[in-house]
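*Asks:* Numbering (full-length UniProt numbering), first residue to last: 1 to 552. By construction, the Cβ of each residue, glycine as well, lies at the ideal position given by its N, Cα and C atoms.
(1) Checking 8 Å against the spacing of the C-beta atoms, do residue 339 and residue 375 come in under that value?
(2) Of all the beta strand (DSSP E) runs that stay within the bounds of the region 357-389, which reach a length of 3 or more residues?
(3) Counting only runs of 3+ residues fully inside the region 390-444, write out the beta strand (DSSP E) ranges in chain order.
(4) Return the CA-CA distance between residue 16 and residue 129, expressed in angstroms with no decimal places.
(5) Just to check my reading of the structure: residue 145 and residue 23 have Cβ atoms closer than 8 Å, yes? What is that Cβ distance to the nearest angstrom?
(6) Would you please state the rounded distance, in angstroms, between the beta carbons of residue 26 and residue 57? I believe it to be under 8 Å.
(7) Rounded C-beta distance between residue 483 and residue 517? I'm assuming under 8 Å.
(8) If you draw a straight line from the alpha carbon of residue 204 to that of residue 169, how long is it in whole angstroms?
(9) Which term fits residue 264, buried or exposed, when burial requires 16 or more other beta carbons within 10 angstroms of its beta carbon?
(10) Taking Cβ positions, are residue 291 and residue 330 nearer each other than 8 Å?
(11) Restricting to Cα atoms, I'd like to know which of 266, 261, 251, 272 is closest to residue 232.
(12) Out of 74, 62, 67, state which residue places its alpha-carbon closest to the alpha-carbon of residue 52.
(13) Measuring CA to CA, which of 295, 342, 552 is closest to residue 313?
(14) Would you list, in sequence order, the uninterrupted alpha helix (DSSP H) runs of no fewer than 4 residues that lie entirely inside the region 2-51?
(15) Using only the alpha-carbon positions, how far apart do residue 370 and residue 413 sit?
(16) Alpha carbon to alpha carbon, what distance is there between residue 240 and residue 269?
(17) Taking the DSSP output, what are the residues bridged to residue 571?
(18) Check the DSSP bridge columns for residue 329 and list the partner residues they point to.
(19) Taking only the alpha-carbon atoms, compute the straight-line gap between residue 503 and residue 361 and give it to the nearest angstrom.
(20) Just to confirm my understanding: we take residue 39, look at its own chain, exclude 5 residues before and 5 after, and list those with CB closer than 6 Å. What are they?
(21) Given this structure, state the Cα-to-Cα distance separating residue 137 from residue 112, to the nearest angstrom.
(22) Grab the span of the alpha helix (DSSP H) containing residue 234 for me, first residue to last.
(23) Is it the case that the Cβ atoms of residue 520 and residue 543 are separated by a distance below 8 Å?
(24) I'd like the list of long-range same chain contacts for residue 19, defined as Cβ closer than 8 Å, with 5 residues on each side in sequence excluded.
(25) May I ask which residues mark the beginning and end of the alpha helix (DSSP H) holding residue 478?
(26) Compute the beta-carbon to beta-carbon distance between residue 547 and residue 491, rounded to the nearest angstrom, for a pair I have assumed lies under 8 Å.
(27) From residue 84 to residue 68, what does the alpha carbon distance come to, in whole angstroms?
(28) What first and last residue would you give for the alpha helix (DSSP H) that runs through residue 250?
(29) Counting C-beta neighbours from all protein chains within 10 Å, is the total for residue 109 16 or more, i.e. buried, or is it exposed?
(30) So, using beta-carbon positions, are residue 316 and residue 336 closer together than 8 Å?
(31) Report the option in 348, 481, 471, 479 whose CA atom is closest to the CA atom of residue 496.
(32) Would you tell me roughly how many angstroms separate the C-alpha atoms of residue 91 and residue 11, rounded to the nearest one?
(33) Are residue 280 and residue 225 touching if we call contact CB-CB under 8 Å?
(34) Is residue 359 closer than 8 Å to residue 328 when the C-beta atoms are compared?
(35) With burial defined as no fewer than 16 other Cβ atoms inside 10 Å of the residue's Cβ, what is the status of residue 28: buried or exposed?
(36) Tell me which same chain residues have a C-beta within less than 7 Å of the C-beta of residue 71, skipping the five on either side of it?
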């Protein structure tokens with residue numbers, strides 16, 4: 001026994017094997033044990049051991065009728081498996097939770113098949129039953145064999161169903177017994193002062209102990225198949241290894257035994273694929289629901305990374321209708337963002353959904369490719385549909401165009417990506433005291449302007465009332481919206497806390513809200529900055545426009 005224990009591999013706790021047997025595809029554990037038989041007991045080199053093991057494993061895949069990768073790639077995969085094992089072995093004496101977790105994950109991986117399937121398997125001429133066999137082997141190696149689906153598994157499922165039925169009957173009988181005991185239970189007599197008050201029987205000892213037992217049985221758990229968990233991994237852009245480590249750590253915190261769970265990179269990877277397939281099926285189900293008679297067509301493009309590593313233009317196409325109905329038609333790729341291609345991609349999704357006759361309006365960004373009067377996507381869609389539609393340009397982009405025109409009329413256009421006057425404020429912010437600000441109540445020019453202009457004075461009173469109500473509601477979609485309201489309120493003389501302004505943020509021209517926020521700050525802090533006469537006049541005009549008109 002001592003000799004056998006001494007020959008066992010660390011962590012695996014098994015001795016190297018003389019051959020790979022069985023009617024299933026070899027597991028990673030079998031391959032690793034066979035490798036160390038060649039390398040340790042037969043004295044072969046590492047490359048010779050890899051070659052010998054690969055030559056033994058490939059016939060199993062041939063018998064299964066599944067095309068495999070090349071011998072070189074198979075050897076490389078085995079080399080990575082051996083390296084991962086040796087890396088863990090180097091840290092076996094280190095007492096850190098991370099190392100123990102990595103060991104448990106590796107042990108879980110060993111029970112999976114040593115996958116040598118060719119990457120083009122789905123396109124290859126392979127029988128469906130062979131593909132199904134490979135799928136079952138990947139999910140659970142013990143579920144099937146080369147003779148077909150394992151009959152033992154079918155019997156296990158049948159026993160599980162019978163056990164579930166039996167447990168259900170026992171619970172129903174227990175509930176009925178508890179209810180009967182509760183009805184027969186005698187209520188202790190109350191004092192005269194409380195004898196007339198109603199007494200509930202829900203606090204009986206029998207029912208209380210039942211709920212307590214049930215609560216004790218229910219322990220927190222977590223599953224790799226949880227759709228919320230899978231979507232979070234994708235949203236946070238976690239790799240398979242990161243997702244596996246996160247899952248294992250969470251399960252450990254919840255008191256679950258990692259060694260008894262199927263925690264491996266492959267398991268998490270398959271769960272993510274299955275979760276995405278379920279999400280796609282839900283989208284298809286939504287598309288198959290009853291679609292309203294009148295629909296609004298929405299689309300928007302975004303550059304996203306492709307599988308090849310490059311960026312590609314993806315266009316999200318949606319439909320909205322009555323009673324808050326919403327349908328995602330797809331997010332197809334477009335060769336470019338020209339109006340012609342955008343219209344073609346959008347109409348293709350519309351035709352696949354069969355809703356051409358139900359579209360009455362469309363919502364879009366105010367880009368030239370959409371709004372062009374000759375080659376724009378909107379014009380082309382109307383031409384294809386053969387009728388005029390209601391144009392619902394995105395309100396954010398409409399506001400952007402208005403503010404851009406006012407800004408350029410007051411301060412001129414800028415050819416660069418950044419606006420020079422904003423950059424000066426951004427760079428000198430450390431030397432500015434934002435508590436020393438100038439408002440319409442302290443500026444002599446503005447005091448005279450509002451005193452001699454009844455229309456402007458009325459606009460100021462209306463704007464102050466609106467801004468005060470909006471700030472008190474605290475219902476702001478983003479922080480920059482709230483900052484714009486607060487700056488406008490302070491500029492018009494509204495009372496507020498004397499806390500300093502926020503440090504200026506992004507100043508490039510793509511941030512359209514920055515024009516309004518920067519101009520308000522420049523106007524209130526202009527005495528501390530070196531501005532030309534033209535810049536002061538232009539900033540003042542924009543600040544008045546924003547505070548009196550634009551904010552509402």
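*Replies:* In brief:
(1) Mapped onto the chain shown, residue 339 falls at position 339. Mapped onto the chain shown, residue 375 falls at position 375. Taking 8 Å as the Cβ cut-off, residue 339 and residue 375 qualify as a contacting pair.
(2) 359-364
(3) 390-393
(4) Taking the first residue of the chain shown as 1, we reach residue 16 at position 16. Taking the first residue of the chain shown as 1, we reach residue 129 at position 129. Cα-Cα distance, rounded: 33 Å.
(5) If you number the chain shown from 1, residue 145 lands on position 145. If you number the chain shown from 1, residue 23 lands on position 23. The pair is a contact, with the Cβ atoms about 4 Å apart (cut-off 8 Å).
(6) By one-based count along the chain shown, residue 26 stands at place 26. By one-based count along the chain shown, residue 57 stands at place 57. About 5 Å; that satisfies the 8 Å criterion.
(7) Residue 483 sits at position 483 when you count from the first residue of the chain shown. Residue 517 sits at position 517 when you count from the first residue of the chain shown. 6 Å between Cβ atoms; contact.
(8) The residue labelled residue 204 in the question sits at position 204 within the chain shown. The residue labelled residue 169 in the question sits at position 169 within the chain shown. Bear in mind that a pLDDT of 42 at residue 204, under 50, signals an unreliable position, so the number given afterwards is only what the model happens to contain. Roughly 23 Å between the two C-alpha positions.
(9) In the chain shown, the residue the question calls residue 264 occupies position 264. Its Cβ being crowded by 16 or more others within 10 Å, residue 264 is buried.
(10) Position 291 of the chain shown, counted from the first residue, corresponds to residue 291. Position 330 of the chain shown, counted from the first residue, corresponds to residue 330. No, Cβ-Cβ distance for residue 291 and residue 330 is not below 8 Å.
(11) Sequence index remark: in the chain shown, residue 232 carries index 232 (1-based). Looking at the Cα atoms, 272 is the closest of the given residues.
(12) One-based indexing of the chain shown puts residue 52 at position 52. Out of 74, 62, 67, 74 has the C-alpha closest to the C-alpha of residue 52.
(13) In the chain shown, residue 313 corresponds to position 313, counting from 1. Closest option to residue 313, Cα to Cα, is 342.
(14) 2-7, 28-36
(15) Sequence index remark: in the chain shown, residue 370 carries index 370 (1-based). Sequence index remark: in the chain shown, residue 413 carries index 413 (1-based). For residue 370 and residue 413, the distance between alpha carbons rounds to 23 Å.
(16) For the purposes of this step, residue 269 is taken as the residue at position 269 of the chain shown. For the purposes of this step, residue 240 is taken as the residue at position 240 of the chain shown. Near 6 Å, if we compare the C-alpha coordinates of residue 240 and residue 269.
(17) As shown, the chain starts at 1 and ends at 552. That puts residue 571 outside it, with no answer to give.
(18) Within the chain shown, the letter at position 329 stands for residue 329. Its beta-bridge partners do not exist; DSSP assigns none.
(19) To locate residue 503, count along the chain shown from 1; it is residue 503. To locate residue 361, count along the chain shown from 1; it is residue 361. Near 41 Å, if we compare the C-alpha coordinates of residue 361 and residue 503.
(20) The residue given as residue 39 occupies position 39 in the chain shown. Counting only Cβ-Cβ distances below 6 Å, and skipping sequence neighbours, we find 49.
(21) On the chain shown, residue 137 is found 137 positions in, with the first residue counted as 1. On the chain shown, residue 112 is found 112 positions in, with the first residue counted as 1. Cα to Cα, the separation comes out at about 8 Å.
(22) Indexing the chain shown from 1 puts residue 234 at position 234. First-last of the alpha helix (DSSP H) with residue 234: 227-235.
(23) Indexing the chain shown from 1 puts residue 520 at position 520. Indexing the chain shown from 1 puts residue 543 at position 543. For residue 520 and residue 543, yes; Cβs fall inside 8 Å.
(24) Against the chain shown, residue 19 aligns to sequence position 19. Excluding residues within five positions, the ones whose Cβ falls inside 8 Å are 34, 56.
(25) Locating residue 478 in the chain shown gives position 478, counting from the first residue. Residue 478 -> no alpha helix (DSSP H), and no H or E assigned at all.
(26) On the chain shown, position 547 is the one that residue 547 refers to. On the chain shown, position 491 is the one that residue 491 refers to. About 5 Å; that satisfies the 8 Å criterion.
(27) Translated into the one-based positions of the chain shown, residue 84 becomes position 84. Translated into the one-based positions of the chain shown, residue 68 becomes position 68. Approximately 23 Å between the Cα atoms of the pair.
(28) As a first step, residue 250 must be located in the chain shown, where it is residue number 250. Segment 240-253, the alpha helix (DSSP H) holding residue 250.
(29) Your numbering for residue 109 matches position 109 in the chain shown. Per the 10 Å Cβ criterion, buried.
(30) Translated into positions along the chain shown, residue 316 becomes position 316. Translated into positions along the chain shown, residue 336 becomes position 336. Going by C-beta atoms, residue 316 is not nearer than 8 Å to residue 336.
(31) Here residue 496 is taken as the residue at index 496 of the chain shown, counted from 1. Nearest C-alpha to residue 496: 471.
(32) Sequence index remark: in the chain shown, residue 91 carries index 91 (1-based). Sequence index remark: in the chain shown, residue 11 carries index 11 (1-based). Rounded to the nearest angstrom, the two C-alpha atoms are 12 Å apart.
(33) Translated into the one-based positions of the chain shown, residue 280 becomes position 280. Translated into the one-based positions of the chain shown, residue 225 becomes position 225. No. Outside cutoff.
(34) Taking the chain shown and counting its residues from 1, one reaches residue 328 at position 328. Taking the chain shown and counting its residues from 1, one reaches residue 359 at position 359. Going by C-beta atoms, residue 328 is not nearer than 8 Å to residue 359.
(35) In the chain shown, counting from the first residue as 1, residue 28 sits at position 28. The residue is buried, with at least 16 neighbouring Cβ atoms inside 10 Å.
(36) Within the chain shown, the letter at position 71 stands for residue 71. Cβ neighbours of residue 71 beyond the five flanking positions: 54.
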